[in-house]
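Sequence positions in the sequence shown follow our numbering and run 3 to 221. Here is the structure we will look at, set down as structure tokens.
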Amino acid sequence: VATLTLDDAKTLNAMHHGMTAELKDAVRRAEADDRVGAIVLVGAGRAFSAGGDTNMMGRGMRLPPLEIKKFVAAEFSGLVRAITECPKPVIAAVHGPAVGFAFFVVLACDLIVASEKAVFNTMYARIALVPLGVGWVFARQLGHQRAFELCAFADHISAQQAKDLGFVNTVAPGEREGALGVAQRYAARLAAGPANALALTKRMLRAAPTESLEAHAAA
3 VATLTLDDAK
13 TLNAMHHGMT
23 AELKDAVRRA
33 EADDRVGAIV
43 LVGAGRAFSA
53 GGDTNMMGRG
63 MRLPPLEIKK
73 FVAAEFSGLV
83 RAITECPKPV
93 IAAVHGPAVG
103 FAFFVVLACD
113 LIVASEKAVF
123 NTMYARIALV
133 PLGVGWVFAR
143 QLGHQRAFEL
153 CAFADHISAQ
163 QAKDLGFVNT
173 VAPGEREGAL
183 GVAQRYAARL
193 AAGPANALAL
203 TKRMLRAAPT
213 ESLEAHAAA
């Protein structure tokens, strides 16, 4: 099991270009390592992540509206693709806040374990941005009305609310160590399983919402 840590505790692990690039590369290395059967993502300190670095996001907000989408995609989409395209299971262990882009990273994972005090928030509406990634996931999983509510109001979502909505698998007792412990147990169990079958299962489930049953069966 490879445990990858977002480690900039002084900023609550705010995601800047360097961090996202390093994390993307770490996921790719774990994917290529035959000794690794599953991957766990966790934050250092008091949070999973406070979201996109404010200085970097500030530069993006000064762009013309049509350029903002390109900016976000250029900065962040590589990490999300690395997670979703990785044939190995990726598990998020969330404690404290996971907001904005960090929330999208969490939603990209195959399993999500949240501590009792974990808090999720789309956040984008509060800073006049469009929730490109989180909104896309929510619309697919929750339907338009609930997705619009969560994105437009940008209210905090507790760990239990997230589980009730269906995007958190387990609420773990305690804080960081509780969530990390459960996530690592899940990862160890998956790593001991049939790697090829799990990889194919992940790929088929990822593709299922956008392809026909015939294409799904032939994948």
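Backbone N, C-alpha and C define an ideal beta-carbon position, used for all residues, glycine too. All figures in this text were calculated on a predicted structure; none of them were measured in a lab.
DSSP places residue 23 within a helical segment (H, G or I) once states are collapsed to three. Contact between the segment 114-127 and the segment 28-38 is absent: fewer than three C-beta pairs spanning the two stretches fall below 8 Å. A residue is called buried once 16 or more other Cβ atoms fall within 10 Å of its Cβ, and residue 195, having fewer, is exposed. When 166, 51 and 114 are compared, the shortest CA-CA separation from residue 180 is found for 114. Around residue 176, the same chain offers 117 and 118 as residues with beta carbons nearer than 8 Å, after the five sequence neighbours per side are excluded. Secondary structure in the segment 101-187: the beta strand (DSSP E) runs of 3 residues or longer, each lying completely within the stretch, are 113-117, 121-123 and 172-174 in chain order. By the C-beta density criterion, residue 207 is exposed, having fewer than 16 other C-beta atoms within 10 angstroms. In this chain, residue 13 is not harboured by any beta strand (DSSP E), its DSSP state being neither H nor E.
Residue 95: member of the beta strand (DSSP E) spanning 92-96, first to last residue. Comparing alpha carbon positions, the residue from 97, 11 and 80 closest to residue 183 is 97. The count of Cβ pairs closer than 8 Å, one atom from the segment 84-92 and one from the segment 34-45, reaches three, so the stretches are in contact. Here DSSP, grouped into helix, strand and coil, assigns residue 4 to strand.
With distances taken between CA atoms, residue 85 lies nearest to 23 out of 166, 163 and 23. One alpha carbon belongs to residue 33, the other to residue 82, and they sit about 14 Å apart. Under the criterion of beta carbons closer than 8 Å, residue 8 and residue 46 qualify as touching, at roughly 6 Å.
The secondary-structure analysis by DSSP pairs residue 54 across a beta bridge with 17.
Residue 169 and residue 153 do not touch by the CB rule: their CB atoms are close to 14 Å apart, not below 8 Å. Within 10 angstroms of the beta-carbon of residue 149 lie 16 or more other beta-carbons, which makes it buried. The beta carbon of residue 164 lies closer than 7 Å to those of 116, 122 and 170 in the same chain, with the five residues before and after it left out.
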